Amino acid sequence: MSGIYIHIPFCKQACHYCDFHFSTTMGKKEAMVKALCKELELRKAEFLGEQVATIYFGGGTPSVLETEEIEQLIAAVREYYDVVDNPEITLEANPDDLSEEKILQLAASPINRLSIGIQSFFEEDLKLMNRVHNALEAEKCLQLASEYFDNISIDLIYGMPNMTLDRWKQNIDKALSFGIPHISSYALTVEPKTALAKFVEDGLITPATDEETQEHFNVLNETLLSAGFDCYEISNFGKPGYYSQNNSAYWQQKKYIGVGPSAHSFDGVQRGWNINNNPKYIKSIAQNIVPMEVEVLSSTDKYNEYVMTGLRTIWGVSLSRISTEFGPKYKEYVLLQANKFIEEHLLFVDGDILKTTKKGMFLADGIAADLFMVNLK
């Protein structure tokens with residue numbers, strides 16, 4: 583089973599923390615949709631013999647598209663690919679786009695999962711992030727969406743400057759009050775060349791400390807586990823039956839095609855990424871050329887990626903898979919490197935699977951880096 587990711591590179595305004603590719607100019611929206619459909623056609627041979635189980639609209643802000651444009655893209659996927667009978671079709675959406683009229687349109691469309699960028703239920707946080715929506719819109723859209731959609735995920739950001747533990751707890755409790763079955767939650771990171779990075783550089787904002795951020799994560803983890811959620815990936819919490827099939831496929835290293843400017847693809851052998859320039863992308867696709875760079879992954883690359891993604895999830899890292907796919911020396915290496923973390927109760931071996939402990943989960947990326955291999959002859 584494979585997936586298709588469609589990048590919609592438009593936003594109403596730039597969030598201060600975001601370094602994703604997007605444009606705030608909507609003038610080329612119609613031409614972009616046409617180009618996305620064309621890229622889907624141009625790349626259909628890549629999925630011969632594959633079934634598409636997930637379609638994911640990411641961005642940017644996909645909810646700026648008209649519902650008819652979204653349906654046009656879904657129709658293109660169905661025309662050029664073998665799609666399973668009941669695929670998971672996710673639309674990322676911002677609260678300010680989810681009017682009752684828009685929600686009714688989406689509910690009548692093939693979209694069956696909403697991923698809503700709430701980020702916070704507090705006005706001061708939303709203003710600091712430069713989000714388009716306000717706190718009232720965040721609550722109102724969830725009330726409306728819950729009436730028409732069962733499968734809803736929301737995004738929340740922790741580790742915000744000046745975010746007290748009490749305010750973070752209130753954010754989590756507010757989310758739970760809507761009966762949402764999936765929450766994606768990320769620590770605020772200061773990415774280079776963003777407005778947030780400039781504010782920090784100028785001393786206008788003091789980032790949360792590592793200790794504060796970890797405390798936020800611990801509270802999030804404990805609260806959601808008590809509420810019946812599984813932390814199936816370090817940033818993703820879902821009730822049973824509501825894990826994101828699309829994202830789970832990424833972490834389990836299944837094949838996917840990424841369509842649109844800046845979108846990434848993976849076929850098990852190589853990774854590709856499209857040009858991150860809207861006019862150049864549209865022009866290239868019009869000439870029947872997919873503007874993509876490709877990197878063929880070495881065995882060491884594949885091993886490192888497997889360790890990185892595996893340790894972030896409840897599925898962990900299979901030692902027998904490492905031995906089979908990469909060779910016994912890789913298995914010996916990962917166990918040797920893991921020893922100190924096992925002694926520190928950050929990792930443990932469960933049968934054949936190497937996993938992070940509850941204490942180690944927040945540190946998964948750093949631990950994985952210590953298990954990476956630079957080269958092995």
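Numbering of the sequence shown is given in the numbering used here, commencing with residue 583 and proceeding in unit increments. Quick reminder that beta carbons are idealized off the backbone N, C-alpha and C, glycines included. These figures come from a predicted structure and were not determined experimentally.
Query: Which residues mark the beginning and the end of the alpha helix (DSSP H) in which E632 is found?; Result: No alpha helix (DSSP H) holds E632; DSSP gives it neither H nor E.
Query: Here's the rule: buried if 16 or more other CB atoms are within 10 angstroms of the residue's CB, otherwise exposed. What is E670?; Result: buried
Query: Run the CB neighbour count on N668, radius 10 Å, all protein chains shown included, and call it buried at 16 or more, exposed below.; Result: exposed
Query: Enumerate in chain order the residues of its own chain whose CB-to-CB distance from H598 is below 8 Å, with the five nearest sequence positions on each side excluded.; Result: L710, M711, N712, T776, A777, L778 and F781
Query: Fully enclosed by the region 808-875, which alpha helix (DSSP H) runs are 4 residues long or longer?; Result: 827-833 and 860-868
Query: What three-state label does DSSP hand I896 in the structure shown?; Result: coil
Query: What does DSSP give as the partner residues of A769 in its beta bridges?; Result: Y740
Query: May I ask you to report which of helix, strand or coil DSSP gives D952?; Result: helix
Query: Would you kindly work out how many angstroms separate the C-alpha atoms of I762 and S584, rounded to a whole number?; Result: 26 Å
Query: Between the region 766-775 and the region 718-729, do at least 3 Cβ pairs fall closer than 8 Å?; Result: no
Query: I need the DSSP call for H764, collapsed to helix, strand or coil.; Result: strand
Query: Comparing alpha-carbon positions, which option in L647, I656 and P822 lies nearest D678?; Result: L647
Query: In chain order, what residues of the same chain lie with their CB nearer than 7 Å to the CB of N858, ignoring the 5 residues before and after it?; Result: H603, P843 and S844
Query: With distances taken between CB atoms, is the gap from I754 to I736 smaller than 8 Å?; Result: no
Query: Helix, strand or coil: how does DSSP classify L928 here?; Result: coil
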